[in-house]
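2 protein chains.
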Amino acid sequence: MTTVVMHNVVSVDGFIAGADDQVGPLFDWYGNGDVQLSEYAQVSKVSADYVRPTMARIGTLVVGRHVFDMTDGWGGVPPAGEHLVVVSHRPRPQGWHPDAPFHFVGGVEEAIAKAKELTGEDRDVGVAAGDVGGQAFALGLVDEVAMDVVPVVFGSGKRYFGSVDAQYLLEDPHTVIQGDRVLHLRYRVRKQP
Amino acid sequence: MTTVVMHNVVSVDGFIAGADDQVGPLFDWYGNGDVQLSEYAQVSKVSADYVRPTMARIGTLVVGRHVFDMTDGWGGVPPAGEHLVVVSHRPRPQGWHPDAPFHFVGGVEEAIAKAKELTGEDRDVGVAAGDVGGQAFALGLVDEVAMDVVPVVFGSGKRYFGSVDAQYLLEDPHTVIQGDRVLHLRYRVRKQP
Numbered sequence: 001m002t003t004v005v006m007h008n009v010v011s012v013d014g015f016i017a018g019a020d021d022q023v024g025p026l027f028d029w030y031g032n033g034d035v036q037l038s039e040y041a042q043v044s045k046v047s048a049d050y051v052r053p054t055m056a057r058i059g060t061l062v063v064g065r066h067v068f069d070m071t072d073g074w075g076g077v078p079p080a081g082e083h084l085v086v087v088s089h090r091p092r093p094q095g096w097h098p099d100a101p102f103h104f105v106g107g108v109e110e111a112i113a114k115a116k117e118l119t120g121e122d123r124d125v126g127v128a129a130g131d132v133g134g135q136a137f138a139l140g141l142v143d144e145v146a147m148d149v150v151p152v153v154f155g156s157g158k159r160y161f162g163s164v165d166a167q168y169l170l171e172d173p174h175t176v177i178q179g180d181r182v183l184h185l186r187y188r189v190r191k192q193p
Numbered sequence: 001m002t003t004v005v006m007h008n009v010v011s012v013d014g015f016i017a018g019a020d021d022q023v024g025p026l027f028d029w030y031g032n033g034d035v036q037l038s039e040y041a042q043v044s045k046v047s048a049d050y051v052r053p054t055m056a057r058i059g060t061l062v063v064g065r066h067v068f069d070m071t072d073g074w075g076g077v078p079p080a081g082e083h084l085v086v087v088s089h090r091p092r093p094q095g096w097h098p099d100a101p102f103h104f105v106g107g108v109e110e111a112i113a114k115a116k117e118l119t120g121e122d123r124d125v126g127v128a129a130g131d132v133g134g135q136a137f138a139l140g141l142v143d144e145v146a147m148d149v150v151p152v153v154f155g156s157g158k159r160y161f162g163s164v165d166a167q168y169l170l171e172d173p174h175t176v177i178q179g180d181r182v183l184h185l186r187y188r189v190r191k192q193p
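Just so you know, the protein sequences line up as chains A and B, in that order.
The opening position of the first sequence corresponds to residue 1 in full-length UniProt numbering, with each subsequent residue numbered one higher.
The opening position of the second sequence corresponds to residue 1 in full-length UniProt numbering, with each subsequent residue numbered one higher.
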């Protein structure tokens, strides 16, 4: 069965970036190790051993338009998986990498459905925490919450759970792995009875 | 040397209570085990083995007036340690447990100084996270941050770091202990060079 995993790097007080989108020390662990994980990441062995199989399970990523615009859609190549779904009221930019496996849909519910459709039964859907992830979470569409907790306090900024404003129970974390400047935690969402 | 430890139970998104002071499932782990820790807590063996020596090291607790009022000062008996310092612009209530080892001071800086003075060299000062803890943290008066992270999302409420609104680095956690409905984390604060 496809698992929908919400993910991001996060400060100990729940922020994924400053209000200005700066990630500051949150991304230090992506560059402080010996193992080349991707074009973007060279991490410790402990983190690589956790992240590599996690990334390999991702079939489709779901992100917001803001992330897409900031990264210029990673130049048309999904940073994980074979497909990428962008939640956006605006269409795909004209002329932008016409062959890139990017799909533009208008809402979060539709985006998760599209991502599941694009993803094989034995693979996962990854959802970027923040605005889009928080909406999916509040709709009950997220199965697991993956938090890479960095030992920094942010004080303010963009929240991991976006605009979520109600209580939700998670299970105890089934993954607790201490890396170098990051603590990898992964929780199943407790399903409402 | 006396270590100043900021502590509270906290949701995965950084809240220590709802806006209405309700802690909801944050305190479930205080009652879900076999080991009687105090009048208030019966926890799992894993949590007891962590909390008991931690509590025993506390010489003095520092809390805000709001907590004091909510608990009626624990009936005059500090829940840990031998002394308790209350940060408050208002004096000790008239006639309230005249012999209780409670000290009322006007500001956070003064409160930490008073707590250190009352605490033996080989014991710790505990500071309640939230408004008072956050102020002490921002003033650079906190040496360690202890977070008992409960697998629940709050969405909004009272923040562990209070009104802190700047970035601060912590060291990697030196304690990572998984209990039942709680993950005990403890970080040293990275001192500014």
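Glycine residues also receive a C-beta, built at the ideal position from the N, C-alpha and C atoms.
Computed from a prediction, not measured in an experiment: that's the story for all the values here.
Query, Result
"Start and end of the alpha helix (DSSP H) containing Val-51 of chain B?", "45 to 57"
"Is the segment 164 to 180 of chain A in contact with the segment 163 to 179 of chain B, if contact means three or more CB pairs nearer than 8 angstroms?", "yes"
"Would Asn-8 of chain B and Tyr-160 of chain B be called neighbours here (beta carbons separated by less than 9 angstroms)?", "yes"
"Going by C-alpha to C-alpha distance, which of B:Val-85, B:Val-87 and B:Phe-104 sits closest to Gln-94 of chain B?", "B:Phe-104"
"Can you give me the start and stop residues for the beta strand (DSSP E) that Ala-136 of chain A sits inside?", "Element bounds for Ala-136 of chain A: not the beta strand (DSSP E) but the alpha helix (DSSP H), 131 to 138."
"Quick one: using the 10 Å Cβ neighbour count with 16 as the cut-off for buried, is Glu-144 of chain A buried or exposed?", "buried"
"Shorter than 9 angstroms from the beta carbon of Asp-165 of chain A to some beta carbon of chain B?", "yes"
"For chain B, is any of its Cβ atoms less than 9 angstroms away from the one on Val-176 of chain A?", "yes"
"State yes or no: is the beta carbon of Pro-173 of chain A nearer than 9 angstroms to at least one beta carbon in chain B?", "yes"
"Just the C-alpha distance for Arg-57 of chain A and Asp-122 of chain A, rounded to the nearest angstrom, thanks.", "8 angstroms"
"Count the other C-beta atoms from every protein chain shown that fall within 10 angstroms of the C-beta of Gly-98 of chain B, then say buried if there are 16 or more, exposed otherwise.", "The displayed chain sequence assigns Pro, not Gly, to residue 98 of chain B. Flag for Pro-98 of chain B reads exposed."
"Tell me which residue opens and which closes the beta strand (DSSP E) that Ala-19 of chain A is part of.", "From DSSP, Ala-19 of chain A is part of no beta strand (DSSP E); its letter is neither H nor E."
"For Val-142 of chain A, which residues of its own chain have a beta-carbon under 8 angstroms away from its beta-carbon, when the five flanking residues on both sides are left out?", "Val-4, Val-5, Met-6, Val-127, Gly-133, Ala-136 and Val-189"
"Are Val-87 of chain A and Val-62 of chain A touching if we call contact CB-CB under 9 angstroms?", "yes"
"Anything in chain B within Cβ reach of Leu-141 of chain A, meaning under 9 angstroms, just list it in chain order.", "What Leu-141 of chain A touches in chain B: nothing, since even the nearest Cβ is about 14 angstroms away."
"Use the C-beta contact count for Arg-90 of chain B: other C-beta atoms within 10 angstroms, 16 or more gives buried, fewer gives exposed.", "exposed"
"Can you find a CB in chain A that lies within less than 9 angstroms of the CB of Tyr-30 of chain B?", "no"
"Are there 16 or more other CB atoms within 10 angstroms of the CB of Ser-47 of chain B, so buried, or fewer, so exposed?", "buried"
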